[in-house]
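A quick write-up on the structure given underneath.
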Amino acid sequence: MNVIQVSDKKFSLSMSEKEILTQVKRVASEINRDYEGKDPLFLGMLNGAFMFAADLMKEVNVPCRISFVKFSSYQGTETTGNVQEVIGLKESIKGRHVIIVEDIVDTGFTMQKTLATLEKSEPASLKVCALLCKPSKLQVDLGDALKYVALNIPDDFIVGYGLDYDGYGRNFRDIYTIVG
Ligand code: IMP
Ligand code: MG
């Protein structure tokens with residue numbers, strides 16, 4: 378099944394689960410090396426990162442915790458402007474080594490805001506582990522916070538392995554690129 382229909386668009390197979398898992402294992406081994414004895418707290422960003430987080434965590438072998446959160450951005454009152462918050466964060470991240478697990482960094486704006494919001498809670502360190510990055514679309518400099526990237530991809534819209542088009546397609550085990 379190399380071409381699939383998701384909602385009103387067609388997508389073709391671009392990365393098999395096997396290829397994805399090879400790179401997931403590679404970033405997990407970098408994390409295992411860097412976080413030995415640091416008791417990291419992984420924050421999986423819902424919804425997109427659920428599948429990546431599950432596979433990544435199976436390869437992480439340092440003692441750690443994981444929690445799932447959602448980043449929400451909404452228009453507040455005139456004086457406060459655009460309000461951002463991380464919903465679902467139960468534990469304190471103050472003094473913790475935090476690794477944000479994200480599906481994809483596209484323009485980077487979402488991650489820039491997420492980092493700024495979490496930084497206010499004074500973690501000991503704050504890094505991003507992204508499944509995918511579209512380097513040609515990055516518009517902000519995330520500096521050394523964007524430390525772990527499993528796969529760099531071209532500027533094409535993709536679905537599968539947790540990522541959606543119009544809410545659909547998250548359940549596919551492989552990644553598909555939009556056709557045309
Ligand atoms: P950014 O703020 O532009 O970096 O957007 C990041 C968010 O856009 C991701 O967390 C995804 O939810 C979504 N996104 C960006 N590119 C894609 C894609 O190719 N497929 C599905 N979702 C995407
Ligand atoms: Mg997302």
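Counted the way our numbering counts, the sequence shown spans residues 378 to 557.
Beta carbons are placed, not taken as given, at the ideal position from N, Cα and C, and that holds for glycine.
Reduced DSSP secondary structure (H/G/I, E/B, other) of residue i
{"i": "Lys467", "result": "coil"}
{"i": "Phe448", "result": "strand"}
{"i": "Val439", "result": "coil"}
{"i": "Gln516", "result": "coil"}
{"i": "Ile408", "result": "helix"}
{"i": "Leu433", "result": "helix"}
Exposed unless 16 or more other CB atoms sit within 10 angstroms - verdict on residue i
{"i": "Ala405", "result": "buried"}
{"i": "Glu479", "result": "buried"}
{"i": "Val460", "result": "exposed"}
{"i": "Pro500", "result": "buried"}
{"i": "Ile464", "result": "exposed"}
{"i": "Arg410", "result": "exposed"}
{"i": "Phe534", "result": "exposed"}
Same chain, Cβ closer than 7 Å to residue i, five either side skipped, listed in chain order
{"i": "Gly590", "result": "Residue 590 cannot be examined here, being either before or after the span of the chain that is shown, 378 to 557."}
{"i": "Glu436", "result": "Val401, Lys402 and Ala405"}
Test item: CB-CB of residue i and residue j under 9 Å
{"i": "Cys506", "j": "Ala493", "result": "no"}
{"i": "Leu579", "j": "Val401", "result": "Residue coverage of the chain in this structure runs from 378 to 557, which leaves residue 579 outside it and unanswerable."}
{"i": "Tyr538", "j": "Asp551", "result": "yes"}
{"i": "Tyr545", "j": "Ser393", "result": "no"}
{"i": "Met509", "j": "Ile481", "result": "The amino acid at residue 509 is misidentified as Met; the sequence shows Leu. It is a contact, given that the beta carbons lie within the stated cut-off."}
Beta-carbon separation (whole angstroms), residue i vs residue j, contact threshold 8 Å
{"i": "Ile470", "j": "Ser498", "result": "5 Å"}
{"i": "Ile397", "j": "Tyr525", "result": "So it is not a contact: roughly 14 Å between Cβ atoms."}
{"i": "Lys504", "j": "Ile476", "result": "5 Å"}
Any non-hydrogen atom of the ligand ADP closer than 8 Å to residue i Cβ
{"i": "Gly425", "result": "Absence of the ligand ADP from the depicted structure is noted, with the ligand IMP and the ligand MG being the only ligands included."}
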